[in-house]
Amino acid sequence: MLQAGMRRPARTIREIDVDELREQCLERPIPARDTISNKVRSMTIAEILNNSMKYSQMFAFKILRTMQNQSKHGESRGKHMNDELSGTVSLSELEAYFSEDYFYFGDAINPPETSDREAGIIWNLLSLWRGGSVLELGCGYGRITNRLAEKGVQVAGLDISPILLKKAEADAAERGVNVEYVLGDMRSLPWRDRFDAAFLCFTTFGYFDDADNERVLREAASSLRKGGRLLIDHANRFAFLRHKPPIYVVQRNNDLRIDIMSNDVLSDRRNVERIIVRDGRVRRAHVSFRQYGFSEFVRMLRSAGFATIEAYGQEGGTFTSDSSSLVVVAYK
């Protein structure tokens, strides 16, 4: 359940009427990465579209209008920043964000060879073995979970999205593996002293306020046996501030997923406004997550009952300020 004090109102994906989209769109300059020069500069939304890929006029109108509304919303929200320093994400927002659109575009972003490689990295960093047990928190549609099961480990996965879990179960059945999938909240786990390892991948950690994020770590620790290991794959906030473009576009066939990202430097949260253009309709969703540094992880994990904490960069390499990810491995 949601905790008292969550101030951001719940917002769900909404559809925008096509007639509304035909209104005059602003040529509003915004910072974006120029895909030709690979430099961040001020560009109009129309320039972004022309510079990236060609879309139909209807799609262009939808994108322009939706992003215009998003910009206006961002301006008004900034006026109330002091009221949102503890801003978190509600369960309804998470369900809207991790909808069927999530795995539809996820297949385009993560081809099978990428998922195979990432499952192998997790296997190695957690020192998994055939017959061991592992839990994935925020398992989504089972992209990694089912691959680990194929390697011979006993796997459980927890997620709040029934849509994604249904997809995960179907994929597990197709692969012929047995995975325990559970619909639930990572702040309250049904397992105690059960697993040899657990992991949260791809910025799954940090959606809640600090107190609830630490609660997630305590619950994860309680689910592990003595000597168990926890892996957290987290965004490296230093690299994001320097290198990440504020707009990220994914195309699958004629469908688009547009992520507009921003950092709140006062609350250390990354905000993502997601716009989905699919099947002639536009939908949008919002999510944000707290960006933690390694020293903060050390404090929280030790408080949760972990004794040793290690830091890695992407794919298990050395962690530096330029690493795209901060991968934390903690030992209970």
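In terms of numbering that gives the first Met the number 0, the sequence shown is residues 0 to 331. We treat Cβ as the ideally placed atom computed from N, Cα and C, and that holds for glycine.
Evaluate the contact criterion for the region 164-176 versus the region 130-145: three or more CB pairs, one atom per stretch, below 8 Å. yes
Whole angstroms are fine: how far does the CA of residue 253 sit from the CA of residue 323? 29 Å
Look at residue 93 and residue 187 and say whether their C-beta atoms are less than 9 Å apart. no
For residue 142, which of helix, strand or coil comes out of DSSP? coil
Please report the straight-line C-alpha distance between residue 212 and residue 151, rounded to a whole angstrom. 31 Å
Alpha carbon to alpha carbon, what distance is there between residue 245 and residue 262? 9 Å
Any chance you could list the alpha helix (DSSP H) runs of at least 4 consecutive residues sitting entirely within the region 165-249, in chain order? 209-222, 236-242
Which of helix, strand or coil does DSSP assign to residue 130? coil
Could you pull the start and end residues of the beta strand (DSSP E) that residue 307 belongs to? 307-311
Proximity winner among 278, 233, 249, 318, relative to residue 289 (alpha-carbon distances): 233
Buried or exposed for residue 99, going by 16 or more other Cβ atoms inside 10 Å? exposed
Measuring CA to CA, which of 251, 306, 235 is closest to residue 104? 251
Hey, how far is the Cα of residue 240 from the Cα of residue 291? 13 Å
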